[in-house]
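**Student:** The following block contains the structure, expressed as structure tokens.
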Amino acid sequence: MAVQLGQMEINTNKTIREVIRRLLALEDRIRGVAFPGMSRLRQVDIYSCGPAVITMLFSFLGVKTFQKRIVVSLRAQKKIRKWGMSIKDLARGAKIAGKGGFSFWKKANSKISDLDAIVNKYRFPVGVEWQGVFYEDADEDDGHYGVITRVDKERGYIRIADPFHKFAGVDRRFRIKDFQRRWWDSNEIKVGGTSKPRTVTDKRMMFVITPKGDSWPKKLGMTKA
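Counting from 1, one number per residue, gives the positions in the sequence shown under full-length UniProt numbering.
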């Protein structure tokens with residue numbers, strides 16, 4: 001069974017979106033959900049998509065951690081409400097949560113072929129930083145984190161585990177070309193002791209958590225954070 005409906009989920013019609021979600025849930029029951037060992041979590045508040053994704057990636061590895069614990073470990077309770085979390089923050093949080101037993105890998109300017117290789121060949125879920133699709137819940141900042149769980153280049157779609165409260169539980173589906181247009185984000189980063197942050201744009205950022213000692217082929221261009 002394969003869900004058609006334009007091979008996408010970006011649709012302003014709420015009823016159609018709900019039909020697609022139900023069909024995707026049915027497909028998962030018949031075909032089997034991707035990475036069944038990974039928990040599909042709901043972020044604890046509107047700011048915590050990053051900690052939610054780190055928690056999901058650790059759940060795939062059999063490690064239990066908690067979103068709020070990650071935030072507290074970084075002493076980021078105030079920061080996350082104003083600025084969210086950067087990739088650097090997530091890497092630090094993963095290091096603390098993993099107690100030194102895991103590596104946080106990242107790559108900017110990634111390609112769909114990189115996602116395809118990691119998901120389908122090496123069998124790891126992949127975190128991404130992107131412009132989320134929130135519809136009526138959208139605000140001035142669409143910056144978001146999610147987990148890529150399927151890449152189907154032949155049919156031209158990806159599935160993404162989205163921790164946003166309306167979407168958690170059933171991996172969303174987008175056309176690759178629609179996702180690629182939204183695969184970026186801008187963060188306000190404080191540099192050194194300056195009080196004024198500067199804007200840093202991450203283009204096509206992806207990240208993976210692996211057991212310490214695992215490595216990636218050099219051609220993938222993954223670096224430890």
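C-beta atoms are modelled at their ideal positions from N, C-alpha and C, and glycine is treated no differently.
How is Q7 classed by DSSP in three states: helix, strand or coil?
**Tutor:** The pLDDT assigned to Q7 is 47, lower than 50, so where the model puts this residue is not dependable, and the model offers no usable value.
**Student:** Considering only DSSP beta bridges, list what W130 is partnered with.
**Tutor:** W130 pairs with H144.
**Student:** Quick check: the Cα distance between T12 and I118, rounded to an integer number of angstroms?
**Tutor:** So the two alpha carbons sit approximately 32 Å from each other.
**Student:** Looking only at C-alpha atoms, which of S215, V126 and R204 sits nearest to residue 227?
**Tutor:** Given that the chain is displayed from residue 1 to residue 225, the structure contains no residue 227 and the question cannot be resolved.
**Student:** Note the first and the last residue of the continuous alpha helix (DSSP H) segment covering residue 285.
**Tutor:** No statement about residue 285 is possible, as the shown extent of the chain runs from 1 to 225 and does not include it.
**Student:** Determine the contact status of H165 and R42, defining contact as a CB-CB distance below 8 Å.
**Tutor:** Cβ distance < 8 Å, so H165 and R42 count as in contact.
**Student:** Return helix, strand or coil for D178, following the three-state DSSP convention.
**Tutor:** Of the three classes helix, strand and coil, the one that applies to D178 here is helix, per DSSP.
**Student:** Hey, K106 and I80: beta-carbon distance below 8 Å or not?
**Tutor:** No.
**Student:** In whole angstroms, give me the CA-to-CA distance for S186 and D152.
**Tutor:** Approximately 27 Å between the Cα atoms of the pair.
**Student:** Out of S215, L23 and A52, which one is the CA nearest neighbour of V128?
**Tutor:** Answer by Cα proximity: A52.
**Student:** Using a 10 Å radius around the Cβ and a threshold of 16 neighbouring Cβ atoms, would you call S103 buried or exposed?
**Tutor:** Buried, since its Cβ has 16 or more Cβ neighbours within 10 Å.
**Student:** Tell me the residue span of the beta strand (DSSP E) that contains R198.
**Tutor:** From DSSP, the beta strand (DSSP E) with R198 extends over R198 to K203.
**Student:** Considering just the uninterrupted stretch of the alpha helix (DSSP H) at V82, what are its terminal residues?
**Tutor:** In the sequence as presented, Val is not what sits at residue 82; that position holds Lys. Where K82 is concerned, the enclosing alpha helix (DSSP H) stretches over K79 to W83.
**Student:** Pick from F167, R159 and S59: whose alpha carbon is nearest that of I176?
**Tutor:** The candidate whose alpha carbon is nearest that of I176 is R159.
**Student:** Compute the beta-carbon to beta-carbon distance between E188 and T199, rounded to the nearest angstrom, for a pair I have assumed lies under 8 Å.
**Tutor:** 6 Å between Cβ atoms; contact.
**Student:** Nearest to Q131 by alpha carbon, out of K68, M205, V72 and D28?
**Tutor:** The residue with the shortest Cα to Cα distance from Q131 is M205.
**Student:** DSSP on K121, reduced to helix/strand/coil?
**Tutor:** In the structure shown, K121 sits in a helix (DSSP, three-state: H, G or I).
**Student:** Would you call the CB atoms of L24 and V208 closer than 8 Å?
**Tutor:** For L24 and V208, no; Cβs fall outside 8 Å.
**Student:** For the pair the region 90–97 and the region 64–75, tell me if three or more CB-CB distances fall below 8 Å.
**Tutor:** They touch, by the three-pair rule.
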